[in-house]
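Per full-length UniProt numbering, residue 1 is the first one in the sequence shown, and the count goes up by one each step. Glycine is no exception: its CB is placed at the ideal position from the N, C-alpha and C atoms. Note that the coordinates shown come from a computational prediction; the quantities given were computed from them, not determined experimentally. Read the structure below first, then the notes.
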Amino acid sequence: MYERIEPAALDHAEDGTPFSRRFDDVYHTQHGAPGQSRHVFLEGNQLPHRWQRKSRFVILETGFGLGLNFLATWAAWRDDPKRCDRLHFISIEKHPFNATDLATAHQRWPEFAALSARLRAQWPTLTPGMHRLWLDEGRIALTLIFGDASTALAKLDARVDAFYLDGFSPARNPELWSAKLCHQLAALAAPVATLATWSVSREVRQHLEYARFRIDKVRGFTGKSEMLRGHIAGAPERAPAHTFREAIIVGAGLAGTSLAHRLVKRGWSVQLLDAADGPGQGASGNLAGVLRPLPSLDDNRLARLTRAGTLAGIRHLNALAAAGHAVRWAPTGVLHLARDPAHETRQRDLVDTQQPPPDYLRYVDQTEASALADWPLAVGGWWFPGSGWVQPPSLCATNIAAAGPALSVRYGVSVARLTRVGEHWQLHDANDELIAETTCVILANGAGIRHLEVAQTLPVRAARGQVSHLPATAGSAPQVVVCRLGYVSPAIDGLRSAGATFLVDDDDPALRESEHADNLAKLDFILPGFSRTLDNATMAGRVGFRPASPDRLPMVGAIAAPGRYPADASLDKVVREPGLYAISGFGARGLVWSAIVAETLASQLDGDPLPLERDLVDAIDPGRFVLRRARRDRFANDG
């Protein structure tokens, strides 16, 4: 079910200290709050010493609050000439503040003004789940998790080097100090993980000790005589995900270029191969695509993934622009009209029940929907004000440009076969000539993945999609993206995109008058009577072939080796092809999936904390299909 986020309200105690009426407790001591952060959490975890000269260091905080501990840690990291290459800071908050209240609260600490401004510039909309922000030129990763801590920790995939335990007092907020939560922390601990907290509660000490932390009382900060610090005892080692830090990616569409960008930013050496003469020529080659989520009342996996993907996609587009690599896109807003009055009722009920932030999603009635579309409509629907259209080839090219010289790109290279030789994969063309070899290969070549024998366990199907290009004058209606069993874009370079068809296992690349007629019929369903304004425009458009999966979710991760699996096997029992990965199955949602799944796979390969919950990572794991086949085979045999 959807976990509705109730924002915190900024109040103050009589002495001016930020105060929570919900928990009847202060957010920090009245005596030098930055000093408390440094003494309790930084010094309590032996920082900055423990992160020095490391490639990566991971901190987990229970209770982001006003973000003071993060700002103090960020400042200490910046001031340390021996700092780690990349700092991951993960923080959980059930009741986050909005950016306006953070700005007000942070005025108390002018020494953090510049860092606060950078943080607030990326502050996410207050929706449940994970939000990864990249700061300080990609060297600081802040992963904010909005929601209940015990639920979040159970779904978190990370190896944590230091814990900041900083919830409200155990008497006011016992759930954040429970025995269950302490065991969840221990399960995430790296072999030499430490912890620190201002609390010296006997019950908290017992919970931590039962969870295998060795605890000591030490001197507290100012008016508090004692605090706790500790370290984990007996946490297991975890082998690195990939030691060579080199890869070949096959396919320069949205999937491949997004992953190449994320790996290069982690210091990987990457080759990008594509059979076409430039990026984004296949399924990613349309004039415009739609970037928006697909909510559901039960907040199912598709809804959560499209929400995470849309928000990550927007952050990625903004980050590229901030780095001087602008993509052709526009956050015009997306209007998702109801199919009929019954569907409109369900759309309204979802918004009433979930109460999402209005800057993310709100319901609009027929009158407001007509005004947004600048066209008379019969129904209302969902309005996503931060969403919009993106030109996919532009995003592909920009991903490559932003990756810089560490990314080698070769066009006109068609991979026909892969063979495993020792620890390396060899890539061959149709004449069996060797193209390249490497220890790690990621297949991101769209529907072409079906023709590679090493990917036979992936049930990828090609879906033909025809988009119609209609003449349009600048400023003509609609100036927002409108969807209703299809979509229509604003005018882009004198053309408007409308469509699209979705025909599985149809390999004909030619434009068809029948599908153009289908797109015009969809256009009239979206904007009644709109086709009459087109003056019998000549058929024009584009056909692409999108890789689709049976369950409408992408396939991202290590490719399963063929074989027989017991019906009760789990994903961790699936044998994988060593060093061989897929990022495929996007269907019609390439723009929605590309940023979040690229960050997920790059994190898996490099050993970073994952930006998605465990159950969502499992939901897109390519190995799921061999398990489903095993279960189907058992049921067939039982029958």
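What are the boundary residues of the alpha helix (DSSP H) that includes residue 203?
Here residue 203 refers to the residue found at position 203 when the sequence shown is read from its first residue. First-last of the alpha helix (DSSP H) with residue 203: 202-210.
Of the listed residues 185, 399 and 404, nearest to residue 212 (C-alpha basis):
Position 212 of the sequence shown, counting from 1, holds the residue named residue 212. When only C-alpha atoms are compared, the closest one is 185.
Proximal residues to residue 72 (C-beta, below 8 Å), its chain only, five neighbours per side dropped:
Indexing the sequence shown from 1 puts residue 72 at position 72. Within the same chain, residue 72 has close Cβ partners 34, 37, 38, 41, 42 and 112.
Kindly indicate if chain C contains any beta-carbon less than 8 Å away from that of residue 611.
The structure shown contains no chain C; it holds only a single protein chain.
Inter-residue spacing [alpha-carbon to alpha-carbon] between residue 79 and residue 429
Along the sequence shown, one-based indexing puts residue 79 at 79. Along the sequence shown, one-based indexing puts residue 429 at 429. Whole-angstrom Cα-Cα distance: 51 Å.
What's the C-alpha gap between residue 99 and residue 309?
Counted from its first residue, the sequence shown places residue 99 at position 99. Counted from its first residue, the sequence shown places residue 309 at position 309. Distance between the alpha carbons of residue 99 and residue 309 is about 22 Å.
Can you tell me whether residue 210 is buried or exposed, with buried defined as 16 or more other CB within 10 angstroms of its CB?
Position 210 of the sequence shown, counting from 1, holds the residue named residue 210. Flag for residue 210 reads exposed.
Please classify residue 110: is it buried, with 16 or more other beta-carbons within 10 angstroms of its beta-carbon, or exposed?
Mapped onto the sequence shown, residue 110 falls at position 110. So residue 110 ends up on the exposed side.
Do three or more CB pairs link the region 330-341 to the region 480-489 at distances below 8 Å?
yes
For the alpha helix (DSSP H) that residue 523 lies in, which residues bound it at each end?
Taking the sequence shown and counting its residues from 1, the one referred to as residue 523 is at position 523. From DSSP, the alpha helix (DSSP H) with residue 523 extends over 513-526.
Ignoring anything shorter than 3 residues, give me the beta strand (DSSP E) runs that lie fully in the region 108-151, in order along the chain.
129-135 and 140-146
Is the separation between the beta-carbon of residue 193 and that of residue 232 shorter than 8 Å?
As a position in the sequence shown, residue 193 is number 193, starting the count at 1. As a position in the sequence shown, residue 232 is number 232, starting the count at 1. Yes. Within cutoff.
Under DSSP, the beta strand (DSSP E) around residue 84 begins and ends at which residues?
Along the sequence shown, read from residue 1 onward, the residue named residue 84 stands at position 84. Here residue 84 belongs to no beta strand (DSSP E), and DSSP marks it neither H nor E.
Start-end ranges of the beta strand (DSSP E) lying completely within the region 323-381, minimum 3 residues:
334-337 and 362-364
Please name the residue, chosen from 359, 221 and 458, that lies closest to residue 627 on a Cα-to-Cα basis.
In the sequence shown, residue 627 corresponds to position 627, counting from 1. Checked all of 359, 221 and 458; the closest Cα to residue 627 is 458.
Cβ contact (3+ pairs, closer than 8 Å) linking the region 141-149 and the region 89-97:
yes
Under 7 Å Cβ to Cβ from residue 602, same chain only, skipping five residues before and after it: list those, please.
Taking the first residue of the sequence shown as 1, we reach residue 602 at position 602. Answer for residue 602: 259, 262, 263 and 266, listed in chain order.
6 Å Cβ shell around residue 598 - same chain, five flanking residues per side excluded:
Numbered from 1 along the sequence shown, position 598 holds the residue referred to as residue 598. Hits under 6 Å: 258, 259 and 262.
Would you mind reading off the limits of the beta strand (DSSP E) that contains residue 421?
Along the sequence shown, read from residue 1 onward, the residue named residue 421 stands at position 421. Start and end: 417-421.
If we count the other Cβ atoms within 10 Å of its Cβ and call it buried at 16 or more, is residue 55 buried or exposed?
Residue mapping note: residue 55 aligns to position 55 of the sequence shown, counting from 1. With fewer than 16 other Cβ atoms within 10 Å, it is exposed.
With distances taken between CB atoms, is the gap from residue 440 to residue 226 smaller than 8 Å?
Position 440 of the sequence shown, counted from the start, is the residue given in the question as residue 440. Position 226 of the sequence shown, counted from the start, is the residue given in the question as residue 226. No, the pair does not count as a contact, with Cβ atoms beyond the cut-off.
What does the alpha-carbon distance come out to for the pair residue 549 and residue 460?
For this step, residue 549 is matched to residue 549 along the sequence shown. For this step, residue 460 is matched to residue 460 along the sequence shown. Distance between the alpha carbons of residue 549 and residue 460 is about 5 Å.
For a quick check, are the C-beta atoms of residue 389 and residue 463 less than 8 Å apart?
Within the sequence shown, the letter at position 389 stands for residue 389. Within the sequence shown, the letter at position 463 stands for residue 463. No, these two residues do not count as a Cβ contact at 8 Å.
Using DSSP bridges, identify the partner residues of residue 544.
Taking the first residue of the sequence shown as position 1, residue 544 is located at position 544. 465.
Do residue 414 and residue 275 have their C-beta atoms within less than 8 Å of each other?
Start at 1 with the first residue of the sequence shown, and residue 414 comes out as number 414. Start at 1 with the first residue of the sequence shown, and residue 275 comes out as number 275. Their beta carbons are under 8 Å apart, which means residue 414 touches residue 275 by this criterion.
Three CB pairs or more closer than 8 Å across the region 576-592 and the region 118-126:
no
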